[in-house]
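Numbering (the UniProt record's numbering), first residue to last: 1 to 128.
Since the structure comes first, as structure tokens, the remarks are kept for the end.
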């Protein structure tokens, strides 16, 4: 009896619902409908804050959780959001016009140290 039940379960699983576009098989009609959105390009779940669209409500919810975290560090001048206070602090330099990283070779200044380091490569003389 147990063997027949297991065989029945396997047959049920393999039956599934088949996508008429790519032949993929799904265990339920709801999963097939969700998959079908890939072919139609539809994204029925929309974020009310930024307007970004998603195929699945779970993806929208994950996006909204991420946005909630991002709101912790918001620029008071332009309302842009940042994941950390250091990123917000660095962003403030764009509003103040400060460029604290100065090239000792030519005097050109930069808002961020990595930008200065990238610039320094221009001063390296190529030896032949």
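Beta carbons: idealized from backbone N, C-alpha and C, even for Gly.
Fair warning: this is a prediction, and the values are worked out from it, not measured in the lab.
Where does residue 76 sit, in a helix, a strand or coil, going by DSSP?
Against the chain shown, residue 76 aligns to sequence position 76. Judged by DSSP in its simplified three-state form, residue 76 adopts coil rather than helix or strand.
Sort 20, 104 and 73 by Cα distance to residue 123 and report the nearest one.
The residue labelled residue 123 in the question sits at position 123 within the chain shown. It is 104.
Of the residues 102, 36, 90 and 112, which one's Cα is nearest the Cα of residue 56?
Indexing the chain shown from 1 puts residue 56 at position 56. Taking the Cα of residue 56 as reference, the smallest distance to any Cα among 102, 36, 90 and 112 is reached at 36.
Would you mind working out which of 18, 97, 63 and 67 sits nearest residue 83, comparing C-alpha positions?
By 1-based counting over the chain shown, the position of residue 83 is 83. The shortest Cα separation from residue 83 among 18, 97, 63 and 67 belongs to 67.
If you follow the alpha helix (DSSP H) that residue 38 is part of, which residue opens it and which one closes it?
Numbered from its first residue, the chain shown carries residue 38 at position 38. Residue 38 -> alpha helix (DSSP H) spans 29-40.
If we call anything under 8 Å between Cβ atoms a contact, is residue 88 one with residue 78?
As a position in the chain shown, residue 88 is number 88, starting the count at 1. As a position in the chain shown, residue 78 is number 78, starting the count at 1. No. Outside cutoff.
What are the boundary residues of the alpha helix (DSSP H) that includes residue 87?
Here residue 87 corresponds to residue number 87 of the chain shown, with the count starting at 1. Under the DSSP assignment, residue 87 falls in the alpha helix (DSSP H) whose first and last residues are 85-96.
Inter-residue Cα distance where the pair is residue 43 and residue 80:
For the purposes of this step, residue 43 is identified with residue 43 of the chain shown, where counting begins at 1. For the purposes of this step, residue 80 is identified with residue 80 of the chain shown, where counting begins at 1. Rounded to the nearest angstrom, the two C-alpha atoms are 26 Å apart.
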